[in-house]
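Trainee: Shown below is the structure under consideration.
In the numbering used here, the protein residues as written are 376 to 605.
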């Protein structure tokens, strides 16, 4: 199941517009983190049109750490450079290719503040990043426009029937993998601690983008444990 998370939204109209886009593409679960406006205001309802039930059922949480999902997908307007591992993004189309796996786990699409987006620390807490390749002259889209593009790509793939069972790895299982990787990295010699941290971020992104099944996660855990015992 895919949910939509808005971090500290300041403009109620934007919340309504995102809700309308969710309704357009079959998404239902909206979560607001520390909202700075009334999501049930007249403006929000007017923008939502026939998606007012999504506004009514929206869940409000106080802080980012209250989000409990197996997979967190950050959205950002800034494209990462090769050396900036934490922000290397997927395109919405590439994200759509992962629809089956995303929908079978507890997944949240995380959208940042209306003006400043997500902080670096918030992005680092997500499993991977998606970014829309807009014009370099002005790459920042309105939040509801960006959401519509991402929802559309996911909706396209949702209509394609695929055969086979898939049970996604949980956040706890991915945490076990990362703890084992952290333990191994601490045993390895690095000239600088920053290099070790870069490796950790690379592995976190790889684990996130891979969309591991539970069976694959257990196989990776077993493999890493054997390496640790050598």
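Quick reminder that beta carbons are idealized off the backbone N, C-alpha and C, glycines included.
Relative to the alpha-carbon of residue 607, which residue among 434, 400 and 394 has its alpha-carbon at the smallest distance?
Mentor: This structure cannot speak to residue 607, because the chain is shown only from 376 to 605.
Trainee: Please confirm if the stretch 432 to 440 is in contact with the stretch 554 to 565, defined as three or more CB-CB distances below 8 Å between the two stretches.
Mentor: no
Trainee: If distances are taken between C-alpha atoms only, which option among 492, 547 and 403 comes closest to residue 382?
Mentor: 492
Trainee: Just reading off the alpha helix (DSSP H) that residue 569 is part of, what are its end residues?
Mentor: 568 to 585
Trainee: How about residue 528 and residue 464: do their beta carbons lie closer than 7 Å?
Mentor: No; because the gap between Cβ atoms is not below 7 Å, this pair is not in contact.
Trainee: Compare the C-alpha of residue 571 against each of 592, 557 and 445 and name the closest.
Mentor: 557
Trainee: Provide the residue span of the alpha helix (DSSP H) that contains residue 399, from first to last.
Mentor: 387 to 399
Trainee: Please give me, in chain order, every unbroken run of the alpha helix (DSSP H) with length at least 4 that falls completely inside the stretch 420 to 488.
Mentor: 427 to 431, 467 to 471 and 474 to 478
Trainee: Hey, quick one: how far does the beta strand (DSSP E) through residue 503 stretch, first residue to last?
Mentor: 503 to 505
Trainee: Once DSSP output is grouped into helix, strand and coil, what is the label at residue 515?
Mentor: coil
Trainee: Note down, in chain order, each residue of its chain lying with its Cβ closer than 6 Å to the Cβ of residue 589, except the 5 sequence neighbours on either side.
Mentor: 542 and 544
Trainee: Using C-beta distances below 8 Å, list every residue in its chain close to residue 483, excluding the 5 sequence neighbours before and after it, in chain order.
Mentor: 377, 378, 379, 380, 406, 442, 444, 446, 447 and 448
Trainee: Can you find a CB in chain D that lies within less than 7 Å of the CB of residue 590?
Mentor: The structure shown contains no chain D; it holds only a single protein chain.
Trainee: On a Cα-Cα basis, can you pick out the residue from 512, 586 and 600 that is closest to residue 554?
Mentor: By alpha-carbon distance to residue 554, the top candidate from 512, 586 and 600 is 600.
Trainee: Using alpha carbons as the reference points, say which of 409, 550, 390 and 473 lies closest to residue 575.
Mentor: 550
Trainee: Using three-state DSSP, classify residue 530 as helix, strand or coil.
Mentor: Three-state result, residue 530: helix.
Trainee: Within 10 Å of its beta-carbon, does residue 581 have 16 or more other beta-carbons around it, so buried, or fewer, so exposed?
Mentor: Burial state of residue 581 is exposed, judged by a 10 Å Cβ sphere holding fewer than 16 other Cβ atoms.
Trainee: Residue 381 by DSSP, collapsed to three states: which one?
Mentor: strand
Trainee: Closest to residue 594 by C-alpha separation, out of 552, 568 and 516, would be which residue?
Mentor: 552
Trainee: List the DSSP bridge partners of residue 408.
Mentor: 382 and 436
Trainee: Identify every residue that forms a DSSP beta bridge with residue 588.
Mentor: Assignment of beta-bridge partners to residue 588 by DSSP yields 543.
Trainee: Give me, in chain order, the residues of the same chain whose beta-carbon lies closer than 6 Å to that of residue 606; leave out the 5 immediate sequence neighbours on both sides.
Mentor: Outside the modelled stretch of the chain, which goes from 376 to 605, sits residue 606, for which no answer is possible.
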